[in-house]
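Structure first, then comments.
2 protein chains.
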Amino acid sequence: MQNPTFEIRQARPQDVPAAFALIEELALFEKAPHAVSNTPEEMLRDGFGQNPAFGMLVAESQGALVGISIYYVRYSTWKGRCLYLEDLVVTEKVRGKGIGKALFAATARKAQELEVKMMVWQVLDWNTPAIEFYKSWGAVIDTGWYNCRLEEATLYKI
Amino acid sequence: MQNPTFEIRQARPQDVPAAFALIEELALFEKAPHAVSNTPEEMLRDGFGQNPAFGMLVAESQGALVGISIYYVRYSTWKGRCLYLEDLVVTEKVRGKGIGKALFAATARKAQELEVKMMVWQVLDWNTPAIEFYKSWGAVIDTGWYNCRLEEATLYKI
């Protein structure tokens, strides 16, 4: 079958363990396998309790969760409310079948529903296929910014 | 007077016009003066209504607003809830007096109160004084990421 049937839908709490496995797959692909200190239990609490910290769309194919899009609203003082795409993952064995396109389009429609001014996200500079994918949607790509962080141990000493 | 008296406090709605002028000062410094399409009216609605989209600390000196820190909670699937520092601005004529340090420290304490896992922000690659300032706090600085966006006109066509 060339185009397996898949469905894009809003995530349910029971999707969290499989979604977390995709987040770990992405961290491995992004050469940061040890960066994930979050847990499925924390994701369940953070995303499905009161005042959820993020929303999630999932792609399901033949009963398995094969892709996710995780997003939330953030604020740009220059533009106003924006939808931030935190993670877009399609598991390696089903890539090239339009699942990423469908997830990205569904996330853009979510941004439209939320009436935000922009959709924003980040990509690694060596991830050429992703950069080309985003350009094909008309994305503007800005270089010249560094990401800064105070990690937990440093932050709590201030 | 070498060290003018200044006070760091939570912003009030009436601080928005002066805060907005500092945001425009920052955009000019960052060589993007035309990037600001937000307005003081929208900032007032977005930051001081129900479910505020951001928080703001201000530095006041001799009755004038001379600095701001704008922040909000965002979500890292790798780490969990983080405080994002959207803007840290001290107006040019009062720099070098410790106001930026005081605002940065107050923002870090806000992050501690909110019990987040990290504090994160961005800096322009040519802004060496800011990079040195952040390093002096123990910040980790990551290169290699591009910022992507779908602007309003493109987003609403999908």
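Chains as they are written, first to last, in our numbering: chain A, 1 to 158; chain B, 1001 to 1158. Glycine is no exception: its CB is placed at the ideal position from the N, C-alpha and C atoms. Fair warning: this is a prediction, and the values are worked out from it, not measured in the lab.
Beta-carbon proximity check, residue i vs residue j, cutoff 8 Å
{"i": "I1008/B", "j": "A1106/B", "result": "yes"}
{"i": "C1082/B", "j": "K1117/B", "result": "yes"}
{"i": "I68/A", "j": "L85/A", "result": "no"}
{"i": "E132/A", "j": "T91/A", "result": "no"}
{"i": "Q1122/B", "j": "W145/A", "result": "yes"}
{"i": "T1020/B", "j": "P1033/B", "result": "A small correction: the amino acid at residue 1020/B is Phe; Thr does not occupy that position in the sequence shown. No, these two residues do not count as a Cβ contact at 8 Å."}
{"i": "E1042/B", "j": "G80/A", "result": "yes"}
{"i": "K977/B", "j": "G1055/B", "result": "Because chain B in this structure spans residues 1001 to 1158, residue 977/B falls outside the shown range and cannot be described."}
{"i": "R1149/B", "j": "V140/A", "result": "yes"}
{"i": "A59/A", "j": "A102/A", "result": "yes"}
{"i": "I1070/B", "j": "D1087/B", "result": "yes"}
{"i": "Q112/A", "j": "L1044/B", "result": "no"}
{"i": "W78/A", "j": "A1027/B", "result": "yes"}
{"i": "A1108/B", "j": "I158/A", "result": "yes"}
{"i": "F6/A", "j": "S61/A", "result": "yes"}
{"i": "N1147/B", "j": "V120/A", "result": "yes"}
N-terminal and C-terminal residue of the alpha helix (DSSP H) that residue i is part of
{"i": "Y1134/B", "result": "1128–1136"}
{"i": "I23/A", "result": "16–29"}
{"i": "E1152/B", "result": "1152–1155"}
Three-state secondary structure assigned by DSSP to residue i
{"i": "I99/A", "result": "helix"}
{"i": "L1049/B", "result": "Note on residue identity: the sequence assigns Gly, not Leu, to residue 1049/B. In the structure shown, G1049/B sits in coil (DSSP, three-state: anything other than H, G, I, E or B)."}
{"i": "E1041/B", "result": "helix"}
{"i": "Q1122/B", "result": "strand"}
{"i": "V1094/B", "result": "helix"}
{"i": "E1113/B", "result": "helix"}
{"i": "A35/A", "result": "helix"}
{"i": "A1105/B", "result": "helix"}
Environment of residue i [buried if 16+ CB atoms lie within 10 Å]
{"i": "D125/A", "result": "exposed"}
{"i": "S76/A", "result": "buried"}
{"i": "D142/A", "result": "exposed"}
{"i": "A64/A", "result": "exposed"}
{"i": "Y72/A", "result": "buried"}
{"i": "R1074/B", "result": "buried"}
{"i": "A53/A", "result": "buried"}
Where the beta strand (DSSP E) through residue i begins and ends
{"i": "V73/A", "result": "64–76"}
{"i": "G144/A", "result": "Segment: none, G144/A is in no beta strand (DSSP E) and carries neither H nor E."}
{"i": "A59/A", "result": "55–61"}
{"i": "I1008/B", "result": "1007–1010"}
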